Ligand code: C2E
Ligand code: MG
Ligand code: MG
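This is the structure we're talking about:
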């Protein structure tokens, strides 16, 4: 238990399970309703990444105090880990729980000032009402409802129904992660990993680059990157897989060059790779083995990585630039982006997150933000790419405000290596 828990007297995970057991037994014995409210802060990782763990801790501490003031005497308060809180509320039915969840959401949204920063966090909240099941199942249902709230985009409250999403408490999550981890090892041993490539098209129709996106399949079963990348990151496997990816991507760039296409290959790099002192070595090895011109290789990094002040990351970024590869900022605009930070980032490309794209052209405010980001990026000498474009109207709006290039299903889905050359040839004929 860390100082935050000690300070506020919150129950930890095990304490929460024990208390939930006692309360469910009481609920069965006395026929009182019992509610579990599961609250998870939205994008808390981004706060930690962008402003550091001290700021993250300050926020948790402030929120914990607010929660305690708000529900004291009405509920047992538990902290389930980083940014997750559980409220066990005896004698509370669904409508009372919904009301309390609304109060908690508003409590979270009150601005928090840390130093000279003012943040307005939001939360995803799940509610489950005891239904004669055991305490673990009840908690699982609240957790699942919270995940469903998160999948709705966050900042919402979901009451437990029949969400088809596995909960993450205890066994379910551990089992799923272990099985993905084992599948990943099998994939590494049996050649089940490969890269697919998705073109990025300039406003004039030329192919600016292709993004390498990892695919994993074992015994004919495909596992999505959304599932296996986080597990690979958690287990450290991403370092090995990432090295492989750098090499494959660089070789693809060489192959395209030899086939007459001056098309860059953009390779995604995870935080775990960039904090490793081995990263520079792996990048050099990939460039040397593939014998590719470094300016045909681009590394896609999320914004928070550029803000990482650790020596290892700074050193790796410097070495990458010195080696001649270019850097791009991936998923820009999600989380707590700060436009002012852009001036310090040594990247040549800014990739606007799909979240801005899907609401176009109707959302005029989003369009105004895209326009401002594009202008600023241009003034800083960056190329602006919009990700995830599926409709012509989106593309028209994006090109209208000056976005330089488009990536999305509208032009092409990520495709296997074998299909890429054919696609490029066909496109050139048009
Ligand atoms: P990302 O780097 O932002 O990649 C773009 C994602 O958007 C890809 O998902 C791509 O298939 C998807 N996408 C592109 N156009 C559209 C569109 O028009 N509509 C929709 N709905 N989606 C579109 P994918 O391949 O599932 O990859 C998801 C994420 O996994 C990537 O996001 C990246 O963060 C990570 N990832 C993928 N490959 C690698 C890798 O080799 N290394 C690392 N570290 N991460 C990877
Ligand atoms: Mg990317
Ligand atoms: Mg992206």
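Residue numbers (the working numbering): 5 to 434. Glycine included, C-beta positions come from ideal geometry on N, C-alpha and C. Just so it is clear, the structure is predicted and the values come from calculations on it, not from any experiment.
Asked	Found
Look at the Cβ atom of residue 158, then the Cβ atom of residue 126, and state whether they are nearer than 7 Å.	yes
Out of 403, 430, 406, which has the shortest C-alpha to C-alpha gap to residue 416?	430
Report all residues from its chain with a CB closer than 8 Å to the CB of residue 194; omit the five preceding and five following residues, and keep chain order.	222
Report the start-end ranges of each beta strand (DSSP E) in the segment 335–378 that is 3 residues or longer and not cut off at the edges.	353–356
Output the distance between the C-alpha atoms of residue 332 and residue 240, rounded to the nearest integer angstrom.	23 Å
Which residues have their C-beta within less than 6 Å of a heavy atom of ligand 3, listed in chain order?	334, 335, 355, 391
Starting from residue 96, trace the beta strand (DSSP E) in both directions and tell me its first and last residue.	First-last for residue 96: undefined, no H or E at that position.
Please identify the residue among 314, 281, 261 whose C-alpha is closest to the C-alpha of residue 294.	261
Who are the Cβ neighbours of residue 412 in its own chain at under 6 Å, not counting the five residues just before and after it?	392, 393, 394
For residue 115, collect the residues of the same chain with a Cβ closer than 8 Å to its Cβ; drop the 5 residues on either side in sequence, then sort them by chain order.	122, 123, 124
Which residue or residues does DSSP assign as beta-bridge partners of residue 3?	Residue 3 lies beyond the stretch modelled for the chain, which goes from 5 to 434, so this question has no answer here.
By alpha-carbon positions, which one of 317, 311, 322 ends up nearest to residue 52?	311
Tell me whether residue 66, by its Cβ, gets closer than 6 Å to a heavy atom of ligand 2.	no
Can you name the start and end residues of the beta strand (DSSP E) that residue 16 belongs to?	No beta strand (DSSP E) contains residue 16, which DSSP labels as neither H nor E.
Alpha carbon to alpha carbon, how far is residue 220 from residue 2? Give it in angstroms, no decimals.	Look at the range of the chain in this structure, 5 to 434, and you will see that residue 2 is not part of it.
Tell me, to the nearest whole angstrom, how far the beta carbon of residue 137 is from that of residue 215; I am working on the premise that it is less than 8 Å.	Their Cβ separation, rounded to whole angstroms, is 45 Å, which puts residue 137 and residue 215 out of contact at 8 Å.
Can you tell me whether residue 322 is buried or exposed, with buried defined as 16 or more other CB within 10 angstroms of its CB?	exposed
Between residue 359 and residue 365, what straight-line distance do the alpha-carbon atoms span, to the nearest angstrom?	12 Å
Residue 185: which of 237, 164, 213 sits nearest, CA to CA?	237
Comparing alpha-carbon positions, which option in 105, 302, 272, 255 lies nearest residue 352?	302
Using the three-state DSSP reduction, which class does residue 228 fall into: helix, strand or coil?	coil
Is the CB-CB distance between residue 387 and residue 408 below 7 Å?	yes
Where residue 190 and residue 232 are concerned, what is the direct C-alpha to C-alpha distance, given to the nearest angstrom?	13 Å
If you draw a straight line from the C-alpha of residue 175 to the C-alpha of residue 144, how long is it?	Legend: pLDDT at residue 175 = 47, less than 50; position of this residue unreliable, no value from coordinates given.
Can you tell me the Cα-Cα spacing of residue 267 and residue 404, whole angstroms?	25 Å
In whole angstroms, what is the alpha-carbon distance linking residue 296 and residue 374?	34 Å
DSSP state of residue 200, grouped into three classes?	strand
Evaluate contact between the segment 63–72 and the segment 21–28, counting only Cβ atoms and requiring at least three cross-stretch pairs below 8 Å.	no
Taking the continuous beta strand (DSSP E) assigned at residue 268, which residues delimit it?	268–272
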